[in-house]
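If you count by the working numbering, then the sequence shown holds residues 429 to 724, one letter each, in order. Glycine included, every Cβ here is placed at the ideal spot set by N, Cα and C.
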Amino acid sequence: MKRIMLFLGTNLAIIVVLSITLRILGVERILDEQGVGLNLNALLVFAAVFGFGGSFISLAISKWMAKKTMNVHVIEEPRNATEQWLLETVRRQARAAGIGMPEVGIYDSPDPNAFATGMSRNNALVAVSSGLMRSMSQGEVEAVLGHEVGHVANGDMVTLALIQGVVNTFVIFLARVLGHFVDRVVFKNEQGHGPAFWITTIVAEILLAILASIIVMWFSRQREFRADEAGAKLAGRDQMIGALESLARASGRPVDMPDQMAAFGIRGGVPQGIKRLFMTHPPIEERIMALKGMRG
429 MKRIMLFLGT
439 NLAIIVVLSI
449 TLRILGVERI
459 LDEQGVGLNL
469 NALLVFAAVF
479 GFGGSFISLA
489 ISKWMAKKTM
499 NVHVIEEPRN
509 ATEQWLLETV
519 RRQARAAGIG
529 MPEVGIYDSP
539 DPNAFATGMS
549 RNNALVAVSS
559 GLMRSMSQGE
569 VEAVLGHEVG
579 HVANGDMVTL
589 ALIQGVVNTF
599 VIFLARVLGH
609 FVDRVVFKNE
619 QGHGPAFWIT
629 TIVAEILLAI
639 LASIIVMWFS
649 RQREFRADEA
659 GAKLAGRDQM
669 IGALESLARA
679 SGRPVDMPDQ
689 MAAFGIRGGV
699 PQGIKRLFMT
709 HPPIEERIMA
719 LKGMRG
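1. Return the chain-ordered list of same chain residues with a C-beta closer than 8 Å to the C-beta of I643, the five sequence neighbours on each side being excluded.
2. From E568 to N499, what distance separates their C-alpha atoms?
3. Could you round the C-beta distance between V502 and L514 to whole angstroms and report it? I think they count as a contact, below 8 Å.
4. I'd like the list of long-range same chain contacts for D611, defined as Cβ closer than 6 Å, with 5 residues on each side in sequence excluded.
5. Pull up the DSSP beta-bridge partners for A552, would you.
6. What does the alpha-carbon distance come out to for the pair R677 and F474?
7. Considering only C-alpha positions, which residue in the set I694, V599 and T587 is nearest to D539?
8. Count the other CB atoms within 10 Å of the CB of L742; is the residue buried (16 or more) or exposed (fewer)?
9. Restricting to Cα atoms, I'd like to know which of G578, S641, L662 and L602 is closest to N467.
10. Sort M529, A470, A632 and R520 by Cα distance to K661 and report the nearest one.
11. Determine the direct distance from the alpha carbon of A470 to that of V464, and round the result to whole angstroms.
12. Using the Cα positions of G482 and M645, report the straight-line distance between them to the nearest angstrom.
13. Secondary structure at I503, three-state DSSP: helix, strand or coil?
14. When DSSP builds the beta bridges, which residues end up paired with S557?
15. What is the DSSP secondary structure of A671, counted as helix, strand or coil?
16. Run through DSSP, which three-state label would G574 get?
17. Report the option in I638, A663 and G721 whose CA atom is closest to the CA atom of M707.
18. Do E633 and V599 have their CB atoms nearer than 7 Å?
19. Output the boundary residues of the alpha helix (DSSP H) element that contains H608.
20. Going straight from the alpha carbon of E576 to that of V477, what length do you get?
21. Is G664 helix, strand or coil when you go by DSSP?
22. Do you know how far the Cα of H709 is from the Cα of L636?
23. So what does G693 bridge to, in DSSP terms?
24. Report the residue from P530, R715, M564 and G574 whose alpha carbon sits nearest the alpha carbon of R549.
25. Give, in chain order, every unbroken run of the beta strand (DSSP E) that is at least 3 residues long and sits entirely within the segment 468 to 500.
26. Determine the DSSP secondary structure at K616, reduced to helix, strand or coil.
27. With DSSP run on the structure shown, which of helix, strand or coil describes P530?
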């Protein structure tokens, strides 16, 4: 309920703030003077519906998509001692974190990785790769599971969807305002929308989306630090550091995940230069240093 209220409150705040700002700047008056005005309130509703709608549809089907794209075997009846241990470990950590028991799965990949996804804290999926199970000690795997349970407990999937919805709304709204401005003020088109509107809107959406992704990726990197802290609390700081050091040794390997799943994995790519702004994960070395500086 708190996250639903956050969603509604954020959406309303976007509409109110943008409406007030545009009126203070006189955008509506300028557009009205140049021809047929732009209904900013209707545009804000349109942008919010599409901006948040797409983000939350993706969230709603995220668990189903993860199972299909990663070919995850969900453990319902453990087939061996390893699967039994995975279930028991996640159950214990979920209880300690105060969340419902997630589904637990394994997917076949040499890439040492793991991810968590789902619609809510009580409807999530935690999955680990076969490569991670082979390359890490039991204590390190426990820390990785704690990291993923931390993502679920922190509500990171929902919060990331909210942030994506906010920036989507800004991108859709501002791109169309710019397109309308160029069409009316620059090209003096007074009826309907001409090619200038559509071209400007498309170009503006591309540029604004690039800038907006920097904001989303910054938040994605911050949530990795918080999930590392959760893993350290649930499994021990030394175990979490050991798990990250093990991941660092695999940093030369490509991340074996579809692009839409990459943000949810525990291991990201190796950032270099300006690409760091668009990385979903901070460098592992920074994550290890943050854990070493963590109190307790």
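Let me spell this out:
1. As a first step, residue 643 must be located in the sequence shown, where it is residue number 215. Correct list, in chain order: I591 and V595.
2. Position 140 of the sequence shown holds residue 568. Position 71 of the sequence shown holds residue 499. Annotation: E568 to N499 spans about 24 Å, alpha carbon to alpha carbon.
3. Walking along the sequence shown from the start, residue 502 turns up at place 74. Walking along the sequence shown from the start, residue 514 turns up at place 86. At roughly 11 Å, the Cβ-Cβ gap does not stay under 8 Å, so V502 and L514 are not in contact.
4. As a working mapping, residue 611 is identified with position 183 in the sequence shown. Correct list, in chain order: N617, H621, G622, A624 and F625.
5. For the purposes of this step, residue 552 is taken as the residue at position 124 of the sequence shown. Bridge partners of A552 according to DSSP: G546.
6. Your numbering for residue 677 matches position 249 in the sequence shown. Your numbering for residue 474 matches position 46 in the sequence shown. Their Cα atoms are separated by approximately 47 Å.
7. Numbered from 1 along the sequence shown, position 111 holds the residue referred to as residue 539. Of the listed residues, the one whose Cα sits closest to D539 is I694.
8. The chain is shown only over 429 to 724; residue 742 falls outside these bounds and no answer can be derived.
9. Stepping through the sequence shown from its first residue, residue 467 is reached at position 39. Ranking the options by Cα distance to N467, first place goes to L602.
10. Residue numbering aside, residue 661 sits at position 233 when the sequence shown is read from its first letter. The shortest Cα separation from K661 among M529, A470, A632 and R520 belongs to R520.
11. Indexing the sequence shown from 1 puts residue 464 at position 36. Indexing the sequence shown from 1 puts residue 470 at position 42. Reliability fails at V464, whose pLDDT of 48 lies under 50, so the model's placement of it is uncertain and no value is given.
12. Here residue 482 is taken as the residue at index 54 of the sequence shown, counted from 1. Here residue 645 is taken as the residue at index 217 of the sequence shown, counted from 1. C-alpha of G482 to C-alpha of M645: approximately 18 Å in a straight line.
13. Here residue 503 corresponds to residue number 75 of the sequence shown, with the count starting at 1. If DSSP states are grouped into helix, strand and coil, I503 belongs with coil.
14. Counting from one through the sequence shown, the residue named residue 557 turns up at place 129. S557 pairs with Y535.
15. Position 243 of the sequence shown, counting from 1, holds the residue named residue 671. When secondary structure is reduced to three states using DSSP, A671 falls in the helix class.
16. In the sequence shown, residue 574 corresponds to position 146, counting from 1. The answer is helix: DSSP assigns G574 an H, G or I state.
17. Your numbering for residue 707 matches position 279 in the sequence shown. Per the C-alpha coordinates, the member of I638, A663 and G721 positioned closest to M707 is I638.
18. On the sequence shown, residue 633 is found 205 positions in, with the first residue counted as 1. On the sequence shown, residue 599 is found 171 positions in, with the first residue counted as 1. Cβ atoms of E633 and V599: closer than 7 Å.
19. Counted from its first residue, the sequence shown places residue 608 at position 180. D584 to F609 is the extent of the alpha helix (DSSP H) around H608.
20. Stepping through the sequence shown from its first residue, residue 576 is reached at position 148. Stepping through the sequence shown from its first residue, residue 477 is reached at position 49. Straight through space, the alpha carbons of V477 and E576 are spaced by roughly 30 Å.
21. Reading the sequence shown from its first residue, position 236 is the one you call residue 664. Assignment of G664 by DSSP, reduced to helix, strand and coil, places it in the coil class.
22. Numbered from its first residue, the sequence shown carries residue 636 at position 208. Numbered from its first residue, the sequence shown carries residue 709 at position 281. CA-CA distance, L636 to H709, rounds to 22 Å.
23. Numbered from its first residue, the sequence shown carries residue 693 at position 265. Looking at the DSSP output, G693 sits in a beta bridge with F543.
24. One-based indexing of the sequence shown puts residue 549 at position 121. The residue among P530, R715, M564 and G574 with its C-alpha nearest the C-alpha of R549 is P530.
25. DSSP runs (the beta strand (DSSP E)) wholly in the segment 468 to 500: none.
26. Numbered from its first residue, the sequence shown carries residue 616 at position 188. In the displayed model, K616 falls within coil according to three-state DSSP, outside both helix and strand.
27. Looking up residue 530 in the sequence shown gives position 102. P530 falls in the coil class under three-state DSSP.
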